[in-house]
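**Q**
In the UniProt record's numbering, the protein residues as written are 1 to 436.
Here is the structure:
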């Protein structure tokens with residue numbers, strides 16, 4: 001299994017900070033899955049946790065690490081025994097055992113690194129750092145990779161910028177060389193790089209949109225402040241949940257189609273085929289309606305498919321965003337409680353009316369934020385950016401959060417002059433979201 005063609009987890013790799021065939025094959029999947037499942041259980045009251053009690057917090061964190069370890073072991077065993085790295089009977093039991101041990105060892109390292117950052121020995125969380133590093137590394141590699149391929153057009157470099165300089169230097173017709181690198185197939189091209197830069201800028205702009213509600217102290221007269229409510233109130237969680245839904249559905253559909261291609265219910269779920277890029281794509285069934293079109297041209301050729309896909313992306317992202325503020329305890333009632341604990345209230349608003357006023361902003365911001373995030377994902381997929389729209393949004397959001405953290409730390413240390421402007425941190429995903 002050396003190619004992406006036979007990798008059923010191909011399009012989840014970047015989001016899970018995973019690299020096939022390396023020690024990071026599992027990526028952050030066990031940590032993220034455990035965190036999301038426990039959050040759902042606590043929100044549904046199936047798991048009782050009082051975060052104000054120290055013992056409960058310690059027990060919850062320890063349970064999270066233990067379950068992450070169990071999932072790491074389970075996922076490593078499943079991937080090896082189901083043939084991710086070759087037929088187990090062909091590679092032998094000793095090799096299978098060594099593969100499992102290596103995956104478990106690297107998974108434990110990831111869990112410990114995440115714990116190290118959460119304990120305060122760094123900024124942010126390990127999950128965020130792994131995702132941002134993986135996405136940025138992929139973009140830089142596809143722009144500057146010196147790897148050489150021999151194609152029908154001759155010798156070509158993988159990196160789009162390196163290939164651009166190479167073609168401009170060796171071609172007599174410079175415009176023809178520029179056009180070729182702008183739209184070349186099967187290798188990174190300049191149009192994808194330009195589209196990626198555009199989406200980066202668009203997400204950064206959306207990150208800065210917010211409404212600031214004036215606040216005042218309930219104890220000290222004259223002490224005022226502002227409580228920001230961002231447009232992207234739920235941050236990246238809508239696209240993460242949406243990607244999990246689509247990815248798992250597609251993986252199950254493809255697995256069933258490989259085993260039972262003539263079974264009616266399996267074909268209704270999805271019929272799969274290999275495209276010109278040697279990757280499996282759904283050509284019929286339900287999965288074809290939730291799978292992104294490969295290009296803008298394909299979207300125009302199949303307008304009904306595209307409209308259904310667009311509606312699914314926008315509405316599901318908005319729904320997940322609106323639902324997540326309740327799961328992560330960041331809705332209007334939770335924010336009102338947080339203001340009360342901080343001895344603050346909205347300026348000119350009675351304390352009992354604070355949730356009602358916040359309710360005019362927070363649910364709307366969450367819904368619209370998810371809607372726009374879904375729209376950006378669709379736009380990124382149509383522009384064939386480097387990495388999917390989901391991955392770019394994740395990278396930009398995480399880098400933006402690190403910028404805010406660096407700014408806050410420098411303000412605490414008195415190094416305000418190093419930065420231009422002040423970024424006030426707030427209106428985020430909630431105290432229980434794994435992307436903080």
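Ideal placement from N, C-alpha and C gives every residue a C-beta, glycine not left out.
Flag this pair as yes or no: are the beta carbons of residue 161 and residue 143 separated by less than 8 Å?
**A** Reading the chain shown from its first residue, position 161 is the one you call residue 161. Reading the chain shown from its first residue, position 143 is the one you call residue 143. Closer than 8 Å, so yes.
**Q** At the level of alpha carbons, what is the spacing between residue 192 and residue 358?
**A** Numbered from its first residue, the chain shown carries residue 192 at position 192. Numbered from its first residue, the chain shown carries residue 358 at position 358. So the alpha carbons of these two residues sit roughly 40 Å apart.
**Q** Count the other CB atoms, across all protein chains shown, that sit within 10 Å of the CB of residue 99; report buried if there are 16 or more and exposed otherwise.
**A** Position 99 of the chain shown, counted from the start, is the residue given in the question as residue 99. Answer is buried; the Cβ neighbour count reaches 16.
**Q** Would you tell me roughly how many angstroms separate the C-alpha atoms of residue 422 and residue 405, rounded to the nearest one?
**A** Mapped onto the chain shown, residue 422 falls at position 422. Mapped onto the chain shown, residue 405 falls at position 405. Legend: pLDDT at residue 422 = 42, less than 50; position of this residue unreliable, value from coordinates given subsequently. So the alpha carbons of these two residues sit roughly 11 Å apart.
**Q** Skipping 5 residues on each side, what residues in its chain have a beta carbon closer than 7 Å to that of residue 146?
**A** Position 146 of the chain shown, counting from 1, holds the residue named residue 146. Around residue 146: 157, 159, 162.
**Q** Among 316, 265, 298, which residue has its Cα nearest to the Cα of residue 367?
**A** By one-based count along the chain shown, residue 367 stands at place 367. For the residues 316, 265, 298, the minimum Cα distance to residue 367 belongs to 316.
**Q** Taking the alpha-carbon positions, what's the residue 384 to residue 154 distance?
**A** For this step, residue 384 is matched to residue 384 along the chain shown. For this step, residue 154 is matched to residue 154 along the chain shown. Going by the C-alpha atoms only, they are around 24 Å apart.
**Q** Between the stretch 312–326 and the stretch 225–240, are three or more C-beta pairs nearer than 8 Å?
**A** Yes, the stretch 312–326 touches the stretch 225–240.
**Q** At which residues does the beta strand (DSSP E) containing residue 363 begin and terminate?
**A** Position 363 of the chain shown holds residue 363. Premise fails: residue 363 lies in the alpha helix (DSSP H), 362–382, not in any beta strand (DSSP E).
**Q** Taking DSSP as the reference, what is the three-state secondary structure of residue 294?
**A** Stepping through the chain shown from its first residue, residue 294 is reached at position 294. The answer is coil: DSSP assigns residue 294 none of H, G, I, E or B.
**Q** Counting only the same chain and skipping the five closest in sequence on each side, list residues whose C-beta sits under 7 Å from that of residue 223.
**A** Looking up residue 223 in the chain shown gives position 223. Here the set comprises 216, 217.
**Q** Keeping to the same chain, check which residues put their C-beta closer than 6 Å to that of residue 129; ignore five residues upstream and five downstream.
**A** Counting from one through the chain shown, the residue named residue 129 turns up at place 129. There are no such residues.
**Q** Cutting at 7 Å between CB atoms, please list the residues of its own chain near residue 246, excluding the five before and the five after it.
**A** In the chain shown, the residue the question calls residue 246 occupies position 246. Result list for residue 246: 290, in chain order.
**Q** Mapping DSSP to helix, strand and coil, what is residue 342?
**A** Taking the first residue of the chain shown as 1, we reach residue 342 at position 342. Note: residue 342 maps to coil in three-state DSSP.
**Q** In chain order, what residues of the same chain have a beta carbon less than 6 Å from the beta carbon of residue 225, not counting five sequence neighbours either side?
**A** Your numbering for residue 225 matches position 225 in the chain shown. Excluding sequence neighbours, residue 225 sits near 215.
**Q** What does the alpha-carbon distance come out to for the pair residue 242 and residue 403?
**A** Here residue 242 refers to the residue found at position 242 when the chain shown is read from its first residue. Here residue 403 refers to the residue found at position 403 when the chain shown is read from its first residue. Going from the Cα of residue 242 to the Cα of residue 403 covers about 26 Å.
**Q** By Cβ distance below 7 Å, which residues in the same chain neighbour residue 181 in space, the five residues on each side in sequence not counted?
**A** Start at 1 with the first residue of the chain shown, and residue 181 comes out as number 181. Counting only Cβ-Cβ distances below 7 Å, and skipping sequence neighbours, we find 160, 163, 164, 167, 189, 190.
**Q** Could you please give me the residues that DSSP links to residue 154 through a beta bridge?
**A** As a working mapping, residue 154 is identified with position 154 in the chain shown. 151.
**Q** For residue 280, does the three-state DSSP call read helix, strand or coil?
**A** Residue numbering aside, residue 280 sits at position 280 when the chain shown is read from its first letter. Reduced to three states, the DSSP call for residue 280 is strand.
**Q** Cα separation between residue 337 and residue 350?
**A** If you number the chain shown from 1, residue 337 lands on position 337. If you number the chain shown from 1, residue 350 lands on position 350. Their Cα atoms are separated by approximately 13 Å.
**Q** Looking at residue 270 and residue 295, is the spacing between their C-beta atoms short of 8 Å?
**A** On the chain shown, residue 295 is found 295 positions in, with the first residue counted as 1. On the chain shown, residue 270 is found 270 positions in, with the first residue counted as 1. No. Outside cutoff.
**Q** Measuring only the C-alpha atoms, how far is residue 108 from residue 52?
**A** On the chain shown, residue 108 is found 108 positions in, with the first residue counted as 1. On the chain shown, residue 52 is found 52 positions in, with the first residue counted as 1. Looking at the two C-alpha atoms, the distance is approximately 29 Å.
**Q** Would DSSP call residue 351 helix, strand or coil?
**A** Here residue 351 is taken as the residue at index 351 of the chain shown, counted from 1. Residue state, collapsed to three classes: helix.
**Q** Starting from the C-beta of residue 149, find all residues in its chain whose C-beta is less than 6 Å away, skip the five residues before and the five after it, and write them out in chain order.
**A** Your numbering for residue 149 matches position 149 in the chain shown. If we look at residue 149 and ignore the five residues flanking it on each side, its Cβ neighbours are 156.
**Q** Flag this pair as yes or no: are the beta carbons of residue 135 and residue 14 separated by less than 8 Å?
**A** Taking the first residue of the chain shown as position 1, residue 135 is located at position 135. Taking the first residue of the chain shown as position 1, residue 14 is located at position 14. Contact: yes.
**Q** Between residue 393 and residue 373, how many whole angstroms is the CB-CB distance? I'm expecting something under 8 Å.
**A** Taking the chain shown and counting its residues from 1, the one referred to as residue 393 is at position 393. Taking the chain shown and counting its residues from 1, the one referred to as residue 373 is at position 373. Between residue 373 and residue 393 the Cβ distance is about 6 Å, and since that is below 8 Å, they are a contact.
**Q** Helix, strand or coil for residue 172 per DSSP?
**A** For the purposes of this step, residue 172 is identified with residue 172 of the chain shown, where counting begins at 1. Here residue 172 sits in coil by DSSP.
**Q** Below 8 Å, can you find three or more Cβ-Cβ pairs linking the stretch 257–270 to the stretch 303–310?
**A** Result no; under three Cβ-Cβ pairs closer than 8 Å.
**Q** Quick one: does residue 354 have its CB under 8 Å from some CB of chain C?
**A** No chain C appears in the structure shown, which is made up of a single protein chain.
**Q** Could you tell me whether the Cβ atoms of residue 309 and residue 292 are closer together than 8 Å?
**A** Position 309 of the chain shown holds residue 309. Position 292 of the chain shown holds residue 292. Yes, they are a contact pair.
**Q** From residue 28 to residue 169, what does the alpha carbon distance come to, in whole angstroms?
**A** Here residue 28 corresponds to residue number 28 of the chain shown, with the count starting at 1. Here residue 169 corresponds to residue number 169 of the chain shown, with the count starting at 1. Cα to Cα, residue 28 sits roughly 42 Å from residue 169.
**Q** Return helix, strand or coil for residue 188, following the three-state DSSP convention.
**A** Stepping through the chain shown from its first residue, residue 188 is reached at position 188. Correct three-state label for residue 188: coil.
**Q** Would residue 125 and residue 117 be called neighbours here (beta carbons separated by less than 8 Å)?
**A** The residue given as residue 125 occupies position 125 in the chain shown. The residue given as residue 117 occupies position 117 in the chain shown. Cβ atoms of residue 125 and residue 117: closer than 8 Å.
**Q** Classify residue 13 as helix, strand or coil using the three-state DSSP reduction.
**A** The count along the chain shown starts at 1 and reaches residue 13 at position 13. Three-state result, residue 13: coil.
**Q** List the endpoints of the continuous alpha helix (DSSP H) containing residue 65.
**A** Your numbering for residue 65 matches position 65 in the chain shown. That run of the alpha helix (DSSP H) goes 54–81.
**Q** Can you have a look at residue 446 and say buried or exposed, based on whether 16 or more other CB atoms are within 10 angstroms of its CB?
**A** Residue coverage of the chain in this structure runs from 1 to 436, which leaves residue 446 outside it and unanswerable.
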